[in-house]
Each structure stands twice: as C-alpha cells, then as structure tokens.
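Order-wise, the sequence lines are chains A and B.
Residues 22 to 613 in the numbering used here are what the first sequence spells out, letter by letter.
Residues 280 to 465 in the numbering used here are what the second sequence spells out, letter by letter.
Worksheet for the structure shown next.
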Amino acid sequence: MAQTKVIVGLGSCGIAAGAGKVYEELQRIKEADNLDFELKKTSCIGMCFKEPLVEIIDETGSYLYGEVDSKKADEIIEKHIVNFTPVKEYIVKSDTTDTKFDSYFEGQVKIALRNCGYIDPENIEEYEARGGYQAIKKIAGEKIGVQEVIKSILDSGLRGRGGGGFPTGLKWKFANNNRSKEKYLICNADEGDPGAFMDRSVLEGDPHSVLEGMIIGAYAIGASDGVIYCRAEYPLAIKRLNIAIGQAREKGYLGKDILGIEGFDFDLYIKEGAGAFVCGEETALIASVEGERGMPRKRPPFPAVSGLWRKPTNINNVETYANIPWIITNGAKEYAKYGTEKSKGTKVFALTGKIKNGGLVEVPMGITIKDIIYKLGGGIIDDKKFKAVQLGGPSGGCIPEYLSHTIVDYDSVNATGAIMGSGGMVVMDETTCMVDIARFFLEFTCKESCGKCTFCRVGTKRMLEILTRITEGEGREGDIEKLEELAYQIKDGSLCGLGQTAPNPVLTTIKYFRDEYEAHIRDKKCPALNCKKLLTYEIIEDKCTGCMVCKRGCPTKAISGEKKMPHFIDQSLCIKCGDCFSKCKFDSIKIY
Amino acid sequence: MRVTRINQKESAVKTEAKVDLKLLEPLIKKYKSKKGNLIPLLQGTQNLFGYIPPEAMMMLSRETGLKISDMYGVATFYAQFRLNPVGKHIIKVCHGTACHVQNAKVVTEDLQNFLEVKDGETTPDNIFTLETVACLGCCSLAPVMMIGDETYGKLNGKKAVEVIKEIKRKETLNQKKSLTENISKN
Ligand SMILES: Cc1cc2nc3c(=O)[nH]c(=O)nc-3n(C[C@H](O)[C@H](O)[C@H](O)COP(=O)(O)O)c2cc1C
Ligand code: SF4
Ligand code: SF4
Ligand code: FES
Ligand code: FES
C-alpha cells in the first residue's frame, strides 16, 4: 500500500497566509501521535484565494483542503488520516468528488505551471520524476542539432512572455547567428509589474523548469555563462533557485560537456536586483548586472549583437524559459495546437483585485476576458458591478466591461490600447475610480523613470500633477486635452519602453471613461466615491439617534447637535476625513 | 525621478554605535576585482549595517578602487539602498496595483497616524521604519504588508495597527527584561 501523503503549499503567499504554522502543526501531530503519513512540501498550485492549502493523497485519490489553519489541520488529520473520512466541507479540489471551485480549473491548460503545486521545488528528483530534464536529455541522446532546436521553438510560435511578445525562436536565431566566442544568456526575473506574480510562483514552485529552459537556450545560442536577474523582494525564490542550481550542478546538468555533449559548457549565477522597475528593460538590466545605474541604452545595437560586457546576449523571461522544455519534449506542433493564429500556446495570468477567486491561472490564448473573470475567477467580490480590468501594469491599460468579450492574444489586447504585458490582470468594480487608477500608475512611472529622457522624466511629472489636481477637485476645463497632448509627446520622446508606454493607463481611461474625468472636473464629483476630497458627508436625519459619537470624533468640530437629537454637519468646516462615517453605528451618515 | 528617493534631510536618528568597518573585510575579499561587483558590495554592506554608512563607502573605495561618486550614484538610484540608519523593524506596506485597489492607502494612513511618522521615516525610539513598496508578490492576499520575513495579508488599518502594537509590546517586554537582567547582574 502506498503511503498516504500530506502536502502543504509553501509558496510566499501560502506562508503569508499561515501555511508555515500549519506545516509545523502537522509535523507536531505526526510525531506526537506517531502517525504513518509522509509530510511533504510543495509550492503554489494557483488557488491563492484558498491559502493555506493542504493536499492529502491516499489510495482513494487526492483531496485538496483550503483555508486550513492549525485547528482545521488537527481536525483533518483526525478525520481523514485516522478515521479515513475526508472532511468534505473543507475540500476545494479533488479527483473523487466535485466541488464548487472546479470551474476554476476547467479551461486551464498547465504548461508553464505544469509542476507548480505538484512537486517539492527543493527536490530535483521530483522534477525528474515528472519528466524534468528529459528535454535536454533528448537533445543529448538523439543528437538534436542547434538549428533543429531553434526551429522547434520557431515552429511552436512561442512569443516572449515578459511583455514584448517577440518570437523567442527568432531571438535565439539572431543570437546564434553571431559568431562570437563569448555569449551570455540572461533570465529576466525582475517581475516589475506591481500586481503580477507568475514569475515568482514559477521560480518558487518549479525552479528547475527555468534552469532547464535556460540550459536549452544556452545550447541553442552557444552561451557558456548565464545570469538570473531576480528581484530582491523575492527571497524565497532566490533561496530555491540557489538550491536548484546546486542540485543541477551535482547532477551534471550544469558544468562542462553537459550530458556528454562535447564542448557544451554552461553555468549560471543569480544576480539580485536592487529595486528599480526600469531594470526589467533589457538594456537597463544589463547595465545593472554590470554594476551601474540601471539606465537603458540606445538600441541598436541590440543585446543579441552587443549586450552584457558588450558580448552577444539573449534575454528571456522566466515564463518563456519554463515553456521551453515542454516544447522540446512534446514537440512544437503540440504546443501550437493551443492558442490563436498569431499567439500560440498558453499564458499565465495573475488574477487579482476585486475578484472572488484570485490566483494564478494558465489558459490557452484566445479565451475571452469575460470567461477568465467569470468562469475561472468566479466573478466580482460581493457581486458588485464589474467595471474594468487592468492588463499590462504600468505599461498597459484598462479594458472596460463592455469589451470583456475581447480574447486574450497579443493583437486583440493591443487593439484595445492595453497590452498583454506580463499577465497581471487586476479586476476593478464600481467602487474603483478610474482617474485615481490612472493617477496611481503615473505616480509609479514618474517615480521609476530613470531620468535620462526629458519627456519621460518631466512629462510624467506634469501628467501626475494634473491627475492629482483632478482627483482633488481642482480639475480645469482643458485638462483632458492637455493630458492627451503630453501623452503623445512622452510616447514620441522617450528612449525606452517605460516612457513610451507610461501614458497608456491615462490614454485608455480617457478613452473608455471620459465621463468619469468630466464628472471630476466639471461637477467636482467622484462617481466611484473614491476620491476623498470630492465627497460630501451628510447625516440622514431620520436615522440619526443623536448618540454623539460622530460629534466627539470630528477633528474640525464640524458636527453640531444635542444629545438624542439629529446631528448636522457644517459642510464649510468638514475636511472629509471620514471619521464620522466609519464610527456611526446606525448607518446614518451618507456619502455622495 | 529616481533621485527623489534620497532623504534630503539629515536623519533625525543619529548613529550612536560606531560603525565596525572590520565587518566589511570578508565582503571585500569576496568581491574585490570581480566584474560588476559594485551592487553586490553595496548590498552586502547594507546587510551588515542596515544602511550604507559613509565610512563604509570610503573604505570600499579605498580597498577596491571603485569611485565613491559611482557608488553614490548607484546607491541613490536603486530603491533598495538606504543612506540613513533605520529602525529595528522595517514595515513595508505594499502599494502595488492589487493592494491599491483593495485600499492599501488606508493601511498606510492608519499606520502613519499610529506611529506618528511619515512614509520613509523612523520612529524616535528607533523601533519602526515605515516604507511603501510595490508588490510583494502576494497580491491575492491584498492588501499586504511585510515586517522582517513575516507577511501579513487581508489587512485593514485596524489589523495593521494591531500587528504593530503586538510587536511593540514584545519590544518593551524585552527591554524591561534586559534591564532587570542587567540590574541583577550588577
Ligand atoms: C520598463 C520595462 C520593464 C520591463 N519589465 C520586465 C520584467 O519585469 N520582466 C520581464 O520579463 N520583462 C520585462 N520587460 C521586457 C524586457 O525588456 C524584455 O523584453 C523581456 O525580458 C524579453 O524576454 P521575452 O522575450 O522572453 O519576453 C520590461 C520592459 C520594459 C520596457
Ligand atoms: S524613457 Fe524614461 S525610463 Fe526610459 S530611458 Fe528614457 S527616462 Fe529612462
Ligand atoms: S468627515 Fe470628518 S470632518 Fe467631516 S464631519 Fe465627518 S468627522 Fe467631521
Ligand atoms: S496558491 Fe499560493 S501563491 Fe498561489
Ligand atoms: S500588489 Fe500588493 S502584493 Fe502584489
């Protein structure tokens, strides 16, 4: 009889939700009661909204328990392990019964995330047991030539998952064409889009898939040195990568004459980023690896010609590399089966914001945004009205509800004015103010501009000032036009992608939510009731019990009224701090 | 612009302890004359002292031949580097997109009110430094903050303040303990 396994999801987000304590508790009971099960670790399975997750695999099947805390863990062990009766109400996924979350997995196709949540990322053997390092072994064993590998990647139609969507095979071909003896291969793990975390999940959950992808890439372009440029904010990813690199060296996947392929030497190291969004841009990243300020350089020359230390360099994103071994093992055709004509394969999205089932999903290109949000994501929190979805982070844009039939592929998303980006999908409901969102992104890009180009440096600042004014009720007629004018100037006058795309969040919100801008500017009102300075607080006379709580708390003494009598707010004194609203126990203060 | 990140004002907190430059020696040995060593050297220095003291920068320059101006340029470019000492606990409140739409603003505001510091500042007792960061990668738990290695999710202002209060309680307890220990030793 196979031993029962109890597996705890210990990704960053699981640990944040308390999975570490659950693991300790399970270990404690196991030892205290001398129970016969194997306690194991894994990483993110994508159901982040149900963290902490514990999976039990016994001879009857697999049972994934959600929102487990130490107490529930005790109960689950007691009932499931000791008495062989699964605790139905906590099960969120199982191959034996249906749960109400099954729709979250329907329609998902896991290629990049194929092992995430299924293996212990710190154990190379578990990766190998699920077909890991088979791709590079296949190349070595069948003596597949470099050109053939590149052709496979070309034929698969894989496009860069870091945002640009450049065909990966083509990139490799350029880098391969260069006859330089010294070449570099870089993995971009800087994941700068605030609201996207798929790269982190892949690195934490399946680091070997990225390493194998890089090894194959190095073989294809003829690189002998690799660098993984990883955000310093991802300590767990860095730790697991280091473990993985050590194991891969030990097993001879890294080093000299790898797997007996004569002359194929490759090794790599991790370079920790130091917190600059612009370093996600490839030339800035290279400058940063070289120890300089991360300022983008002029292209051409492209990195494929002159990159790190002026040598030919190939840069790909984490998710891009994670796809590679699968493509080599299963064939380009198999990969190209998924997706649309110009966007093949699958894409991982980080579903966040006002969404019920927030987490990581991997879907074939071509699925509609609506399906992702409603079928997989389960709809909007509290069933509020869905307003828009933000794609592509600070370089992207907001797609309004009425365009939610848009399919996700590079061209369709671009047509809306947003971009696919790295796959952050932030869902917004009626309480999200679109002017404020635009302001939020501009604040981000303004802070993150490297300062090299005047239009990016000064232009974003001017735009931010205008947007801030509008959200504070100081908007003027003509502001929208001024924003648009600045936007096009910044797009034209910026060297790198940061500046060129920085105005996108503003342009798309103006395009789709112009009425909201106008309400702020003309009526001095925020329809989403989000911009504080534009709100009016009023006491509803009929509801007010005269408890005096609001009066006592008001910092400007704007509230008057006798005990047990309806109170009144003097609008000229009110500074809209919201204190009275949050303190009133009788819901007798309305905001409009 | 990234330059605005430098705290222009002299920090209210003065370095009391002298910086023990000896600690830098292994770091220098490891990275001396390696290509692209500037950032790892600064990162290592900050790991040792919690910030990059001017003395350390001078020593690095003397020992490795790197220019102070280059070091200063890099240190002020990247958000990670600090040129001023920080509190014992750094509170990093996430203001990434997912946290922003889930009202991270309120978390920061309530913490500011409770600690009576502004963003980027350190409390007078040197226990807390308040910072905002962009995305900690736990967006599904938004809004999120991180203190040390601990991440706290699904916050609101009140919960965040509770967490801080708890840490503060422990800190004062520790202080009392070490005080009484010192007294009993004497
Ligand atoms: C401002 C800016 C930030 C970027 N940030 C990232 C990032 O965080 N991660 C990433 O993989 N690519 C990022 N990119 C895209 C990279 O420049 C590059 O195109 C990508 O790493 C190439 O890999 P791919 O072809 O596999 O997508 C960024 C680009 C710009 C202009
Ligand atoms: S566009 Fe902006 S971030 Fe890019 S190089 Fe110019 S100033 Fe720097
Ligand atoms: S919102 Fe603030 S200032 Fe205005 S009445 Fe209420 S408590 Fe007073
Ligand atoms: S399930 Fe934990 S990070 Fe996704
Ligand atoms: S946006 Fe806050 S953790 Fe990602």
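Note that the Cβ used here is the ideal one computed from N, Cα and C, for glycine as well.
Since this is a predicted model, take the numbers as computed values, not measurements.
Measuring CB to CB, does residue i end up less than 7 Å from residue j?
i: A371 of chain A; j: F218 of chain A; result: yes
i: T481 of chain A; j: A523 of chain A; result: yes
i: Y310 of chain B; j: L302 of chain B; result: no
i: F287 of chain A; j: S245 of chain A; result: yes
i: T367 of chain A; j: I132 of chain A; result: yes
i: Q325 of chain A; j: P333 of chain A; result: The sequence shown places Ala at residue 325 of chain A, not Gln. Result yes, Cβ atoms of A325 of chain A and P333 of chain A sit closer than 7 Å.
i: L488 of chain A; j: L463 of chain A; result: yes
Give me the chain A residues within the contact set of residue i, using Cβ-Cβ distance strictly less than 8 Å, ordered along the chain.
i: A358 of chain B; result: A295, G296 and A297
i: I443 of chain B; result: Result: empty, since nearest Cβ-Cβ is about 17 Å, beyond 8 Å.
i: L420 of chain B; result: C34, A37, A38, C69 and E72
By alpha-carbon positions, which one of the options ends up nearest to residue i?
i: R135 of chain A; options: A:K377, A:P346, A:K363 and A:D430; result: A:P346
i: I77 of chain A; options: A:G138, A:A133 and A:G128; result: A:G138
i: G436 of chain B; options: B:E445, B:D389, B:E460 and B:K444; result: B:D389
i: T453 of chain A; options: B:Q381, B:K311 and B:C373; result: B:Q381
i: V223 of chain A; options: A:I336, A:R252 and A:E340; result: A:E340
i: I426 of chain B; options: B:H368, B:P333 and B:K301; result: B:H368
i: T566 of chain A; options: A:K585, A:C575 and A:P324; result: A:K585
i: G366 of chain B; options: B:I307, B:S312, B:S340 and B:Y330; result: B:Y330
i: I501 of chain A; options: A:I542, A:C477, A:F461 and A:I264; result: A:I542
i: L275 of chain A; options: A:E303, A:L232 and A:I307; result: A:L232
i: Y86 of chain A; options: A:L74, A:E80, A:D95 and A:D79; result: A:L74
i: A94 of chain A; options: A:T118, A:G41 and A:D116; result: A:G41
i: H588 of chain A; options: A:P324, A:D513, A:T437 and A:C571; result: A:C571
i: V440 of chain B; options: B:Q454, B:K455 and B:M424; result: B:M424
i: M336 of chain B; options: B:K314, B:E304 and B:A383; result: B:E304
i: L317 of chain B; options: B:K346, B:E400, B:D428 and B:R361; result: B:K346
i: E91 of chain A; options: A:V29, A:D119, A:R151 and A:G128; result: The sequence shown places Ser at residue 91 of chain A, rather than the Glu named in the question. If we check each option's Cα against that of S91 of chain A, A:V29 comes out closest.
Would you kindly work out how many angstroms separate the C-alpha atoms of residue i and residue j, rounded to a whole number?
i: P322 of chain A; j: L175 of chain A; result: 23 Å
i: N338 of chain A; j: I266 of chain A; result: 18 Å
i: Q510 of chain A; j: L280 of chain A; result: 53 Å
i: S621 of chain A; j: L507 of chain A; result: Lying outside 22 to 613, the shown extent of chain A, residue 621 of chain A is not represented and no answer is given.
i: D398 of chain B; j: T427 of chain A; result: 40 Å
i: Q325 of chain B; j: E169 of chain A; result: 47 Å
i: I491 of chain A; j: T475 of chain A; result: 24 Å
i: R261 of chain A; j: C34 of chain A; result: 15 Å
i: G312 of chain A; j: A295 of chain A; result: 11 Å
i: P227 of chain A; j: A258 of chain A; result: First, the residue type needs correcting, since residue 227 of chain A is Asp and not Pro in the sequence shown. Taking the straight line from one Cα to the other gives about 10 Å.
i: N335 of chain A; j: I236 of chain A; result: 12 Å
i: L60 of chain A; j: G413 of chain A; result: 39 Å
i: E493 of chain A; j: E451 of chain A; result: 19 Å
i: R478 of chain A; j: G190 of chain A; result: 35 Å
i: T81 of chain A; j: E110 of chain A; result: 18 Å
i: R284 of chain B; j: A297 of chain A; result: Low local confidence applies: a pLDDT of 49 at R284 of chain B is under 50, so the model's placement there is unreliable, with the coordinate-based value given in what follows. Distance between the alpha carbons of R284 of chain B and A297 of chain A: 11 Å.
i: G504 of chain A; j: G162 of chain A; result: Contrary to the premise, residue 504 of chain A reads as Leu rather than Gly in this sequence. Approximately 59 Å, taken between the alpha carbons.
i: I401 of chain A; j: D79 of chain A; result: 35 Å
i: S603 of chain A; j: K553 of chain A; result: 14 Å
i: C9 of chain A; j: I388 of chain A; result: The displayed coordinates of chain A run from 22 to 613. Any statement about residue 9 of chain A would go beyond what the structure contains.
i: N405 of chain B; j: V396 of chain B; result: 11 Å
i: L31 of chain A; j: A38 of chain A; result: 10 Å
i: R573 of chain A; j: K611 of chain A; result: 18 Å
i: K606 of chain A; j: D428 of chain B; result: 37 Å
i: P403 of chain B; j: F126 of chain A; result: 50 Å
Using a beta-carbon distance below 7 Å, is residue i in contact with chain E?
i: G226 of chain A; result: Although the question refers to chain E, the structure presented lacks it and instead comprises the protein chains A and B.
Give the interface partners of residue i over in chain B, defined as CB-CB distance under 8 Å, in chain order.
i: M449 of chain A; result: V380
i: Q510 of chain A; result: Per Cβ cutoff of 8 Å: no residues; Q510 of chain A is ~17 Å from chain B at best.
i: Q411 of chain A; result: T376
Show which residues of chain A have a CB atom less than 7 Å away from the CB atom of residue i.
i: N316 of chain B; result: G312
i: L415 of chain B; result: E254
i: Q322 of chain B; result: E293 and A295
i: V440 of chain B; result: Within 7 Å Cβ-Cβ: nothing; V440 of chain B doesn't reach chain A, min ~14 Å.
If the cut is a Cβ gap below 9 Å, which residues of chain B does residue i touch?
i: G379 of chain A; result: A377, C418, S419, L420 and A421
i: Q521 of chain A; result: Chain B residues near Q521 of chain A: none, gap ~17 Å exceeds 9 Å.
I want to verify the contact list: residues of chain A whose CB lies under 9 Å from the CB of residue i, in sequence order.
i: T430 of chain B; result: S33, C34, I36, A37 and A38
i: G352 of chain B; result: E313 and R314
i: V386 of chain B; result: What V386 of chain B touches in chain A: nothing, since even the nearest Cβ is about 14 Å away.
Show which residues of chain B have a CB atom less than 7 Å away from the CB atom of residue i.
i: P346 of chain A; result: The premise fails here: P346 of chain A is roughly 24 Å from chain B at the closest Cβ pair, so nothing lies under 7 Å.
i: F370 of chain A; result: What F370 of chain A touches in chain B: nothing, since even the nearest Cβ is about 12 Å away.
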